[in-house]
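With numbering that gives the first Met the number 0 as the guide, the letters of the sequence shown map in order to residues 0 to 222.
Even glycine gets a Cβ: it sits at the ideal position worked out from N, Cα and C.
Have a look at the structure below before the remarks.
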Amino acid sequence: MRIDIITVMPELLESPFNHSILKRAKERGLLHIHLHQLRDYAINKHGQVDDMQYGGGAGMVMMCEPLAKVIEKLKGERDYDDIIYLTPDGITLHQKIANTLSLKENLMLICGHYKGIDQRIRDLYVTLEISIGDYVLSGGELAAAVLVDGIARLIPGVLNDETSALTDSHQDGLLAPPIYTRPAEFQGLKVPEVLLNGNFKLIDEWREMEALKRTQERRPELL
Ligand code: ADE
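Below you can see the structure in the form of structure tokens.
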């Protein structure tokens with residue numbers, strides 16, 4: 000999978016993509032991430048990419064021309080399955096969206112800053128608008144990092160234990176059950192007996208019950 004990310008702050012994204020699972024995905028040739036500095040497409044030599052809002056109001060708006068220039072250039076080089084704008088007024092990211100996007104070949108992500116991007120770029124180019132939650136970040140970069148991480152771990156071959164993504168919270172519509180590792184007793188708290196007896200049918204049943212219980216307690220609307 001190839002992901003092109005348009006941003007005025009590529010430095011913000013370098014660290015998350017160079018560690019852990021995303022690093023491994025890149026090293027295995029399963030994920031190719033390309034960061035594009037929007038200021039390289041600025042309207043003048045001062046690197047201007049934003050301007051005041053028509054109609055007045057606080058906050059700058061990212062201009063059409065620089066964004067259109069970089070988007071057109073990338074679109075000229077390959078077809079994109081989706082051009083995604085990270086924005087608090089997009090649809091809220093959930094596991095099904097990550098699952099769907101993990102099957103795509105080429106994605107383009109646009110990170111907004113200031114007040115956001117000119118509506119005409121959304122109308123002309125953007126095919127999907129995603130929010131990572133009902134709160135406002137100072138830019139789309141951290142949201143893009145969250146989205147890429149959520150997608151990348153689902154690409155076959157990225158996780159070492161192929162089954163592990165399937166047992167994540169949300170993958171089957173439920174929250175994940177509690178998990179334990181050694182020691183069998185810690186500060187007086189014991190690992191549930193059922194997990195120690197090697198009866199995998201009982202273990203599966205226990206996990207399912209616990210997943211249901213946890214979902215009922217914490218996120219009943221998921222049931
Ligand atoms: N940009 C600013 N806030 C955001 C959010 N909650 N989700 C996605 N992009 C954003």
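Cβ-heavy atom distance between Y113 and ligand 1 below 7 Å?
Counting from 1 along the sequence shown, the entry for residue 113 is found at position 114. Checking every heavy atom of ligand 1 against the Cβ of Y113, none is found closer than 7 Å.
Less than 8 Å between the beta carbons of L21 and D160, yes or no?
Locating residue 21 in the sequence shown gives position 22, where the first residue counts as 1. Locating residue 160 in the sequence shown gives position 161, where the first residue counts as 1. Not a contact, by the Cβ cut-off of 8 Å.
Touching or not, the segment 119-136 and the segment 59-76, by the rule of three or more beta carbon pairs under 8 Å?
yes
Does the structure place the segment 84-96 close enough to the segment 123-140 that three or more beta carbon pairs sit under 8 Å?
yes
Express the C-alpha separation of L201 and V193 in angstroms, rounding to a whole number.
Residue numbering aside, residue 193 sits at position 194 when the sequence shown is read from its first letter. Residue numbering aside, residue 201 sits at position 202 when the sequence shown is read from its first letter. If you take the alpha carbons of V193 and L201, they lie about 7 Å apart.
Name the DSSP bridge partner or partners of D49?
Stepping through the sequence shown from its first residue, residue 49 is reached at position 50. Paired residues: M61.
Which two residues bound the contiguous beta strand (DSSP E) that contains I82?
As a position in the sequence shown, residue 82 is number 83, starting the count at 1. Counting along the chain, the beta strand (DSSP E) containing I82 begins and ends at 81-91.
List the DSSP bridge partners of T214.
Taking the first residue of the sequence shown as position 1, residue 214 is located at position 215. Here T214 is not bridged, per DSSP, to any residue.
Rounded to whole angstroms, how far is the Cβ of N105 from the Cβ of D78, which I believe are closer than 8 Å?
Walking along the sequence shown from the start, residue 105 turns up at place 106. Walking along the sequence shown from the start, residue 78 turns up at place 79. Their Cβ separation, rounded to whole angstroms, is 6 Å, which keeps N105 and D78 in contact under 8 Å.
Given the structure, does V157 come close to ligand 1, in the sense that its CB is under 7 Å from one of the ligand's heavy atoms?
Indexing the sequence shown from 1 puts residue 157 at position 158. No, the Cβ of V157 stays beyond 7 Å of every heavy atom of ligand 1.
Quick one: grab the DSSP three-state call for M208.
If you number the sequence shown from 1, residue 208 lands on position 209. Looking at M208 - three-state DSSP - the assignment turns out to be helix.
From which residue to which residue does the beta strand (DSSP E) around L108 run?
Walking along the sequence shown from the start, residue 108 turns up at place 109. Unbroken beta strand (DSSP E) run through L108: 105-110.
Inter-residue Cα distance where the pair is I178 and T91:
Locating residue 178 in the sequence shown gives position 179, where the first residue counts as 1. Locating residue 91 in the sequence shown gives position 92, where the first residue counts as 1. C-alpha separation (whole angstroms): 28 Å.
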